[in-house]
Amino acid sequence: MRYANLLNDFAFKYVFGEDCKEANDALKSLLTVFLERKVNHVVVKNSELVKDYSKMKSPRLDLLVEFDDQTTVDLEMQLRQTKDNLPIRFSYYLARLHGSQELEGKYYGELKETIVLVFFNVNLIDNHRMWDAFTLRNVEGLSFVEESQDRMKLRTVEMAKLDLNKPLKDMNEQEKMIYYFLNCYKGMDDSKIKVMIESDGVIQMLEKRLETISDDGWKKIIEDFQKLHENEERMERQLELEELQKVKEEVQKTKEEVQKTKEEVQKTKEEVQKEKQEAKKVMLEATKKSVEADKKVEQMIYKMYEDGFSFEQISNYCSLSVDELKSLIKS
177 MRYANLLNDF AFKYVFGEDC KEANDALKSL LTVFLERKVN HVVVKNSELV
227 KDYSKMKSPR LDLLVEFDDQ TTVDLEMQLR QTKDNLPIRF SYYLARLHGS
277 QELEGKYYGE LKETIVLVFF NVNLIDNHRM WDAFTLRNVE GLSFVEESQD
327 RMKLRTVEMA KLDLNKPLKD MNEQEKMIYY FLNCYKGMDD SKIKVMIESD
377 GVIQMLEKRL ETISDDGWKK IIEDFQKLHE NEERMERQLE LEELQKVKEE
427 VQKTKEEVQK TKEEVQKTKE EVQKEKQEAK KVMLEATKKS VEADKKVEQM
477 IYKMYEDGFS FEQISNYCSL SVDELKSLIK S
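Under the working numbering, the first residue of the sequence shown is numbered 177, with each subsequent residue one higher.
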């Protein structure tokens, strides 16, 4: 009995990535259908499944593919079930794959073609095509390089666009494969799956691979799938908590900076007030001294006048004129 369809990340990698003839034949059939080129040979470079779920993201397959014309391609195949930043991820996947080639001692013309093939069960691209191909182009849609020299390609398969009610006789090879992906766990209980198993050579190849997986094997796939996504949920919650904590720390930091600014403003006000008081004190002291000096001058003038000095003589010893002296004496 089957317990998972091929949208299960682990089932996807286990079915197509295990190091056995049935898995390799199924993988060649899949790639031939969706790359629309006959695949003669394919090597899975990362067939192992990571056991530490705390470090694992959704499984992917790194492949070295050889076509019937002897050309080789580095291909990365992934299965995604959400829209979470997919367009951003695609450019990263493609750049990472293309840049991973060893070029030391070679010239650029020896770079292999690289393809990222992504299956996802959501509607992302605004057109009616279930599969699409993307290359480097300018804003007007012109190719950056000649087609024969284009070494980087992205191929997408939007399985959610499949009309599940479409008659089997009207489906092409890609549509049949997608239908099988979505419903293979039903086996012969699904009428379309039943017909495909009985008459379609490619589907028979996939079915042969599924038959090699025991009931315990399917249960293990489900368990691993659940562990992976439980861990992803924990990681997402942890990231949310860390982000919340970061926001709280930034808010606290802002409060502290505001408080520090208030304290600095208050300190500045106090310093200004202190300087004003100092200035006032100096001014009062200066005024007091000026008044005392004026009194001493007046006393000296009265004394000189009493001693018989004329106004002209007294004027020579101070800054007052004769008229000012006379007015002072008379007052």
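Glycine is no exception: its CB is placed at the ideal position from the N, C-alpha and C atoms.
With respect to the beta strand (DSSP E) encompassing L330, which residues constitute its N-terminal and C-terminal limits?
-> Run containing L330: 328 to 334, per the beta strand (DSSP E) assignment.
Exposure label - T430; buried when at least 16 CB within 10 Å | T430 should be labelled exposed.
Reducing DSSP to helix, strand and coil, say where H217 ends up.
-> H217 falls in the strand class under three-state DSSP.
Local Cβ density within 10 Å of N216, reported as buried at 16 or more and exposed below that = Exposed is the call here.
Kindly list the residues whose CB is nearer than 6 Å to the CB of L382, restricted to its own chain and excluding five residues on each side of it in sequence; keep chain order.
-> Taken in chain order, the residues that qualify are A202.
Quick one: grab the DSSP three-state call for E289.
-> DSSP places E289 in strand when its eight states are reduced to three.
Touch check for the segment 347 to 354 and the segment 369 to 389: three-plus C-beta pairs under 8 Å?
-> Because the criterion of three Cβ pairs below 8 Å is met, the segment 347 to 354 and the segment 369 to 389 touch.
Alpha carbon of T119 to alpha carbon of K424, nearest angstrom | Missing from the structure shown is residue 119; the chain here goes from 177 to 507 and no further.
May I ask you to list the residues that DSSP assigns as paired with R313?
-> Its beta-bridge partners are S319.
So, using beta-carbon positions, are M335 and L270 closer together than 8 Å?
-> Cβ distance not < 8 Å, so M335 and L270 don't count as in contact.
Is it true that the CB of D244 sits closer than 8 Å to the CB of K288?
-> It is not a contact, given that the beta carbons lie outside the stated cut-off.
Classify E242 as helix, strand or coil using the three-state DSSP reduction.
-> Residue state, collapsed to three classes: strand.
Within the present structure, is the beta-carbon of L496 separated from the nearest heavy atom of the ligand MG by less than 7 Å?
-> Among the components modelled here there is no ligand, and therefore nothing to report on the ligand MG.
Quick one: measure Cβ to Cβ for F357 and L183, integer angstroms, because I've assumed they're closer than 8 Å.
-> L183 and F357 do touch by the CB rule: their CB atoms are close to 7 Å apart, below 8 Å.
Alpha helix (DSSP H) runs contained entirely in the segment 373 to 442, provided each spans 4 or more residues = Listed in chain order, they are 377 to 386.
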